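Q: Sending over a structure as structure tokens; questions will come in a sec.
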Amino acid sequence: MDDRGVRRVMRRPLVVGNWKMNGTRRSSIELAEMIAKNFSSSSVECAVCPPAIFLSDVASALVGSEVCLGAQAVSQFEQGAYTGEVSADMLADFSCAYVLVGHSERRACFGETSNQVAAKFVAAQSKGLTPILCVGETLAERRGDRALEVIAEQLGAVVDAAGLKALSSAVVAYEPVWAIGTGEVASPAQAQEILAFIRARLGENAKAVRLLYGGSVNAENAAQLFGQQDIDGALVGGASLQAEQFLTICRLAEA
Ligand code: 13P
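Below is the structure:
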């Protein structure tokens, strides 16, 4: 088996659709049904993260399919007087396998700090969910040559709280803020550079950790990204709202 083959055995490619705050109950069910009906792969894993209020409907639509369910956010608290929050237990109860933590929109729009993100990571893992830890720099930080520093800080907060070993059973997604929803995808080389940096920081167990790229991924640019050594899949926003395009991206991850 060549190097690429070994890599694929150790790290099954993963394509995750983050639907963000889009769609209706009906359109979410239809999208989930389309993906469930048409996704089948022996080598690639696929997950969708609908808005929390549609988790139950989407879970039902995915029954009997190979598509996993994920959530977009989780509370760091176990239970109690936290109005509006959804706990890791509740997500597990709805058969979520994955949950995003640290998405840049949560950091920027809702003021989530790296320490809160770390607490959410720990809360998710404690209930058997696999966190997809999102990290990434803003355009100003990249222009100021601070991308690696920012990512090291975001990653470091989680390593400090959860321990390096905990990262080995998680997924890390590099999503440069400047590439999210802008149509300006990072070049394969830019994404590879950051993901190699992340893998190096994950230490001994890093070989088995799946690292994703996210930010304007679509059916046209996915293949080139997936060709990079340290890119094990994608976290897809806008393009995951169209079943055909999302399924194409999943197929490209097989190659
Ligand atoms: P877009 O694919 O729409 O750029 O969004 C990326 C993202 O934020 C996925 O979590």
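First residue of the sequence shown: 112, per the numbering used here; consecutive thereafter.
C-beta atoms are modelled at their ideal positions from N, C-alpha and C, and glycine is treated no differently.
Here the structure is a predicted model, which is why all the values come from computation and not from measurement.
Excluding the 5 residues flanking Phe232 on each side, which residues of the same chain have their C-beta closer than 8 Å to its C-beta?
A: Answer for Phe232: Val212, Gly213, Pro242, Leu244, Val269, Ala272, Ala273, Ala277 and Ala281, listed in chain order.
Q: In whole angstroms, what is the alpha-carbon distance linking Ala143 and Val210?
A: Near 17 Å, if we compare the C-alpha coordinates of Val210 and Ala143.
Q: I'd like to confirm something about Leu346: is its beta-carbon nearer than 7 Å to some heavy atom of the ligand 13P, or not?
A: Correct: Leu346 has its Cβ closer than 7 Å to the ligand 13P.
Q: Which residues in the same chain have their Cβ closer than 8 Å to the Cβ of Ala208, if we skip the five residues on either side of it in sequence?
A: Ala158, Cys179, Leu180, Gly181, Leu240 and Thr241.
Q: Classify Leu266 as helix, strand or coil using the three-state DSSP reduction.
A: Note: Leu266 maps to helix in three-state DSSP.
Q: As a quick exercise: from Arg119, Asp168 and Ala147, pick the residue whose alpha carbon is nearest that of Arg137.
A: Looking at the Cα atoms, Asp168 is the closest of the given residues.
Q: For the ligand 13P, is there a heavy atom less than 7 Å away from the beta-carbon of Ser298?
A: No, the beta carbon of Ser298 sits no closer than 7 Å to any heavy atom of the ligand 13P.
Q: Do Ala170 and Ser198 count as a contact pair if the criterion is CB distance below 8 Å?
A: Result no, Cβ atoms of Ser198 and Ala170 do not sit closer than 8 Å.
Q: Buried or exposed for Asn254, going by 16 or more other Cβ atoms inside 10 Å?
A: For the record, residue 254 in the displayed sequence is Arg; it is not Asn. Answer is exposed; the Cβ neighbour count stays below 16.
Q: May I have the straight-line CA-CA distance separating Glu156 from Ile305, to the nearest angstrom?
A: Near 23 Å, if we compare the C-alpha coordinates of Ile305 and Glu156.
Q: Cα separation between Gly247 and Tyr285?
A: Rounded to the nearest angstrom, the two C-alpha atoms are 6 Å apart.
Q: By DSSP's criteria, Thr241 is part of a beta bridge. Which residues make up the other side?
A: According to DSSP, which records beta bridges pairwise, Thr241 is partnered with Tyr209.
Q: Quickly, what does DSSP pair Gly344 with across the bridge? List them, please.
A: According to DSSP, Gly344 bridges with Leu125.
Q: Would you kindly work out how many angstroms separate the C-alpha atoms of Leu202 and Ala297, rounded to a whole number?
A: If you take the alpha carbons of Leu202 and Ala297, they lie about 32 Å apart.
Q: Confirm the yes/no value for this check: CB of Gly292, any heavy atom of the ligand 13P, distance under 7 Å.
A: True, at least one ligand heavy atom lies under 7 Å from that Cβ.
Q: Applying the criterion that 16 or more other CB atoms from any shown protein chain within 10 Å of the CB defines a buried residue, is Glu342 buried or exposed?
A: Sequence inspection shows Ile at residue 342; the Glu mentioned does not correspond to that position. With 16 or more other Cβ atoms within 10 Å, it is buried.
Q: Whose C-beta lies closer than 8 Å to the C-beta of Ile262 among residues of the same chain, with five residues either side of it excluded?
A: Correct list, in chain order: Val246, Gly247, Glu248, Tyr285, Ile305, Phe308 and Ile309.
Q: Per DSSP, which one or two residues make a beta bridge with Tyr193?
A: According to DSSP, which records beta bridges pairwise, Tyr193 is partnered with nothing at all.
Q: Roughly how many whole angstroms lie between the Cα atoms of Pro287 and Gly326?
A: Rounded to whole angstroms, Pro287 to Gly326 spans 7 Å at the Cα level.
Q: For a test of your reading of the model: does the CB of Glu286 fall under 7 Å from any non-hydrogen atom of the ligand 13P? Yes or no.
A: Yes; taking the cut-off as 7 Å, the Cβ of Glu286 has a heavy atom of the ligand 13P nearer than that.
Q: Distance check for Leu322 and Ala350, CA to CA, integer angstroms please.
A: The straight-line gap from Cα to Cα measures roughly 19 Å.
Q: Assuming Cys361 and Phe221 make a contact with CB atoms under 8 Å, what is their CB distance in whole Å?
A: About 30 Å separates the two Cβ atoms, so there is no contact after all.
Q: Consider the C-beta atom of Val328 and the heavy atoms of the ligand 13P; say whether any pair is separated by less than 7 Å.
A: Checking the Cβ of Val328 against the ligand 13P gives yes.
Q: Keeping to the same chain, check which residues put their C-beta closer than 7 Å to that of Trp289; ignore five residues upstream and five downstream.
A: Thr249, Leu250, Arg253 and Glu295, listed in sequence order.
Q: Measure the alpha-carbon distance for Ser225 versus Ala345 and round it to whole angstroms.
A: If I take the Cα positions, the gap works out to 22 Å.
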